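Heads up: the sequence shown runs through residues -14 to 184, numbered per the working numbering. Virtual Cβ for every residue (Gly too), placed ideally from N, Cα, C. Note that the structure is predicted; figures quoted are calculated from it, not measured.
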Amino acid sequence: MNVITIAPFYTASGVNHPNTPRTPQAYINKTREMLKAHNIAIELAETGDFAGVPCMLEWNQSIDLDKNVGDIRALCEPSLPFGNAIPVIFGIIYQAEVYGAAIPTDYAGNGGKRWPPYIVINLQLQSRFNAVLLHELIHAAYFSKAYLGKPMPDHDANPTSIFAACAPDKNSDRSLTQNFLPALHVAALRSAAFATFRA
């Protein structure tokens, strides 16, 4: 079995948002559901002072993907567990139309820090298919060291794919569902730097 370990964090600006009690858990549940069929498990690392309670980052502003996302990532360092867990930061993204983003190692906003890929999720929005976390994990898998030097694949043309170019939330066809996970992306997740194999 392959295991992906997520290190969850909240920003202080997002911890009391009305979506906080439901959005992160809905995204995690969807990711687990979709990956279980492929023998990939999702584990949550302990980042906070109490079991099962993620670390709250002392950040009272929004997350600006162009200006301060690296500053927020730096706040995670003292609470990151040993190992290869991928940080997932839930907060309020300044770019309000963005559901989430995977940040690559060479992103300019990291201020020269060579962090492995990490993810930020916007609590202002909730996808009706709850596929945002899995979508961003796929991006992060392609950003990770297993794929260095290889071209990032385009988003899938199939609008029902988890890795579709346009979230069905924004598609005018309300009959669409987002429940298709192509084998190509499953393979990327299995070989990602943040995945481990357990016999």
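Please classify residue i: is it buried, with 16 or more other beta-carbons within 10 angstroms of its beta-carbon, or exposed?
i      : result
Pro6   : exposed
Thr145 : exposed
Thr162 : exposed
Val38  : exposed
Ala168 : exposed
Leu133 : exposed
Do the CB positions of residue i and residue j come within less than 8 Å of each other?
i        : j       : result
Ile77    : Asn107  : yes
Ala70    : Ala30   : yes
Ile88    : Thr(-4) : no
Val117   : Gly97   : no
Pro9     : Phe75   : yes
Pro72    : Ala(-8) : yes
Ala142   : Ala173  : no
Thr90    : Phe114  : no
Asn(-13) : Phe148  : no
On the DSSP bridge assignment, give the partners of residue i in chain order.
i        : result
Asp141   : Ala149
Val73    : Pro(-7) and Ile104
Asn(-13) : Ile25 and Phe182
Met41    : Tyr(-5)
Report the option in the options whose CA atom is closest to the CA atom of residue i.
i       : options                                : result
Asn14   : Asp141, Ile27 and His2                 : Ile27
Val83   : Val0, Ile123 and Leu50                 : Leu50
Ser(-2) : Ala142, Arg175, Trp44 and Arg113       : Trp44
Phe165  : Ala22, Met(-14), Thr(-10) and Asn(-13) : Ala22
Ser112  : Asn4, Phe(-6) and Ile(-11)             : Asn4
Thr32   : Glu121, Glu18 and Gly68                : Gly68
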